[in-house]
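Below you'll find the structure, written out as structure tokens, and then a few comments.
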Amino acid sequence: MAATTPATPPPGAPGAGPHDRPGTSALHPAGAPPATGGENPVLHAAKLVREAVPPLHPGGRPVIAAVAAAAGAVRLLTGRGTGVGLLATAATAAFFREPRRVPPPRPGAVLAPADGTVALISEVVPPAELDLPREPVTRVSVFLSVLDVHVQRIPMHGRIRSVEYRPGAFLSADLDKASEDNERNALVLETQTGHLVGVVQIAGLLARRIRCDVKPGDEVAAGETYGLIRFGSRVDTYLPPGVAPEVSVGQRTIGGETVLADLAVVKDAVVKDAVVKDAVVKDAVEKDRT
Numbered sequence: 001m002a003a004t005t006p007a008t009p010p011p012g013a014p015g016a017g018p019h020d021r022p023g024t025s026a027l028h029p030a031g032a033p034p035a036t037g038g039e040n041p042v043l044h045a046a047k048l049v050r051e052a053v054p055p056l057h058p059g060g061r062p063v064i065a066a067v068a069a070a071a072g073a074v075r076l077l078t079g080r081g082t083g084v085g086l087l088a089t090a091a092t093a094a095f096f097r098e099p100r101r102v103p104p105p106r107p108g109a110v111l112a113p114a115d116g117t118v119a120l121i122s123e124v125v126p127p128a129e130l131d132l133p134r135e136p137v138t139r140v141s142v143f144l145s146v147l148d149v150h151v152q153r154i155p156m157h158g159r160i161r162s163v164e165y166r167p168g169a170f171l172s173a174d175l176d177k178a179s180e181d182n183e184r185n186a187l188v189l190e191t192q193t194g195h196l197v198g199v200v201q202i203a204g205l206l207a208r209r210i211r212c213d214v215k216p217g218d219e220v221a222a223g224e225t226y227g228l229i230r231f232g233s234r235v236d237t238y239l240p241p242g243v244a245p246e247v248s249v250g251q252r253t254i255g256g257e258t259v260l261a262d263l264a265v266v267k268d269a270v271v272k273d274a275v276v277k278d279a280v281v282k283d284a285v286e287k288d289r290t
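Here the working numbering is used: the sequence shown runs in plain steps of one and ends on residue 290.
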């Protein structure tokens, strides 16, 4: 008698293997959720949202809590204003955001201490509170609108040499005289190469509080947050003598990432220029002798 081959059950019939059903395989049975690396999809989505939302600066938490409490009180007393209260609280929280920043791998780079727009670039004598040599240097002024991130960041690796607070007026921060007339907080950073960089936090029309979290002697790293100005302000950076800026008026800056100047490049240029001048002087002296 001829041998017979057992009949194969039709797809979906009792006895059919998982690999026999339409749209399924032994590795991915029907109805199984897509692979997520063993992580719960909801938790994974929550993690992505958490990473996308920047953290808040500690100095803003009391203000956010006060705005939220005021909004809650208005809602309890009037039964209205829920949307406005939530919007005001969210806007206040956004003002105190402290996004993560990654400094560029340039050892000689002087980084922008704040987010904003370059409002002024000028050659000036540093203010007395910086205790820097009384000679003109380049000052780069970054203006912060109420929509910008208002934390300040260290421009270079180094050590805090001095910190000095000065009370003053509350003029518009984009005015040149705000550097001398407005309330401000100045610090001098001594870099690892021995250069001195001055950074001044300046209050503006709406700013009424300057916070500085570093003190003389602190070792600091480029890009780390060191302070906060509440509601509209300006930050001035005083570059070492002979250093030229790499930004232009009107340019947007990102605190801790945008390069204002490069000390390494300028140092080489200054040395080269000094050698050329020395050669010219020697040549002139030799001609006079002959």
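Just so it is clear, CB atoms sit at the ideal spot from N, CA and C, and this is done for glycine as well.
Outcome for residue 101 when other beta-carbon atoms lying within 10 angstroms are tallied against a minimum of 16: As a first step, residue 101 must be located in the sequence shown, where it is residue number 101. So residue 101 counts as buried.
Buried or exposed: where does residue 233 fall if 16 or more other Cβ atoms within 10 Å of its Cβ makes it buried? The residue labelled residue 233 in the question sits at position 233 within the sequence shown. It counts as buried.
Flag this pair as touching only if the region 153-160 and the region 221-230 have three or more C-beta atom pairs under 8 Å; answer yes or no. yes
In whole angstroms, what is the alpha-carbon distance linking residue 296 and residue 240? Nothing can be reported for residue 296, as the shown portion of the chain is limited to 1 through 290.
Selection from 262, 260, 256 that minimises the alpha carbon distance to residue 98: Locating residue 98 in the sequence shown gives position 98, where the first residue counts as 1. Of the candidates 262, 260, 256, the one whose C-alpha sits nearest the C-alpha of residue 98 is 256.
Cα separation between residue 171 and residue 178? Locating residue 171 in the sequence shown gives position 171, counting from the first residue. Locating residue 178 in the sequence shown gives position 178, counting from the first residue. Distance between the alpha carbons of residue 171 and residue 178 is about 6 Å.
Going straight from the alpha carbon of residue 137 to that of residue 238, what length do you get? In the sequence shown, the residue the question calls residue 137 occupies position 137. In the sequence shown, the residue the question calls residue 238 occupies position 238. The straight-line gap from Cα to Cα measures roughly 7 Å.
Return the first residue and the last residue of the beta strand (DSSP E) that residue 116 is part of. The residue labelled residue 116 in the question sits at position 116 within the sequence shown. Residue 116 -> beta strand (DSSP E) spans 116-124.
Specify whether the region 134-148 and the region 111-123 touch according to this definition: at least 3 beta carbon pairs, one from each stretch, less than 8 Å apart. yes
Are residue 264 and residue 107 touching if we call contact CB-CB under 8 Å? As a position in the sequence shown, residue 264 is number 264, starting the count at 1. As a position in the sequence shown, residue 107 is number 107, starting the count at 1. Going by C-beta atoms, residue 264 is nearer than 8 Å to residue 107.
Going by other Cβ atoms of all chains shown within 10 Å of its Cβ, with 16 needed for buried, is residue 103 buried or exposed? For this step, residue 103 is matched to residue 103 along the sequence shown. Buried, because 16 or more other Cβ atoms sit within 10 Å of the Cβ of residue 103.
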